[in-house]
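Chemist:
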Amino acid sequence: MEGSMFVCVYDDGEIASDAQTGVYFASAKTIMIRIHRGFGLSKLIRIIMDKANRDPRDGVPLIHFKFPTKVCGQHVTYTTTQIQDDDDLDGAFEMI
C-alpha cells in the first residue's frame, strides 16, 4: 500500500554490529506493526507500547530505524539512525 509499511519492532533488545552485517538488532521479542506516512512519532510510540504490552508510564522507548547502506550480490550491510521526531519518521519513509 502506498504510504504505509510494515516494520519489525525489536522490543527490549540491543543494537549490535559486526564486520559482515553492519548493524543488527538482537531481541527475544519481535513485533510486526504497520505504520502509515504522516503517523507522527507520538502515535508510533503509542502503537509500539500497546503492541508490546508496556505501560506508557514506564518511559518512552528509544526508536532506531535500520536501513541498507551497501548491497553486493546477496550480501546487505545495514546502518541505523535514531528516530527522535516526526521529521525523522518521515525520513524513514523517504528511504524506502
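Just so we're aligned: the sequence shown equals residues 1 to 96 in this note's numbering.
We put the beta carbon where it would ideally sit given N, CA and C, even for glycine.
On a predicted model such as this, the values are computed, not experimentally measured, just so you know.
Are at least three pairs of beta-carbons, each pair with one atom in the region 66-79 and one in the region 41-54, less than 8 Å apart?
Modeler: Flag = no, the region 66-79 and the region 41-54 do not touch.
Chemist: Considering only DSSP beta bridges, list what E97 is partnered with.
Modeler: Examination of residue 97 is not possible in this model, given that the chain is present from 1 through 96 alone.
Chemist: Answer yes if the region 5-13 comes into contact with the region 32-48, meaning at least three C-beta pairs across the two stretches below 8 Å, and no otherwise.
Modeler: The region 32-48 is in contact with the region 5-13.
Chemist: Three Cβ pairs or more, each shorter than 8 Å: is that satisfied between the region 75-94 and the region 9-23?
Modeler: Touching, yes, given that three or more Cβ pairs across the two stretches are closer than 8 Å.
Chemist: Could you please give the first and the last residue of the uninterrupted beta strand (DSSP E) stretch that includes F93?
Modeler: Looking up residue 93 in the sequence shown gives position 93. First-last for F93: 86-95, but that is the alpha helix (DSSP H), not the beta strand (DSSP E).
Chemist: Do you know offhand how far I83's Cα is from F65's?
Modeler: Taking the sequence shown and counting its residues from 1, the one referred to as residue 83 is at position 83. Taking the sequence shown and counting its residues from 1, the one referred to as residue 65 is at position 65. One C-alpha to the other measures close to 7 Å.
Chemist: Apart from the five residues just before and just after T30, which ones in its own chain have a Cβ nearer than 8 Å to its Cβ?
Modeler: In the sequence shown, the residue the question calls residue 30 occupies position 30. Closer than 8 Å at Cβ, skipping near neighbours: C8, V9, Y10, D11.
Chemist: Roughly how many angstroms separate the alpha carbons of A26 and I47, rounded to a whole number?
Modeler: What you label residue 26 is simply residue 26 of the sequence shown in a count that begins at 1. What you label residue 47 is simply residue 47 of the sequence shown in a count that begins at 1. Those two C-alpha atoms are separated by around 21 Å.
Chemist: Where do the N-terminal and C-terminal ends of the alpha helix (DSSP H) with R46 fall, by residue?
Modeler: Translated into positions along the sequence shown, residue 46 becomes position 46. Where R46 is concerned, the enclosing alpha helix (DSSP H) stretches over 41-51.
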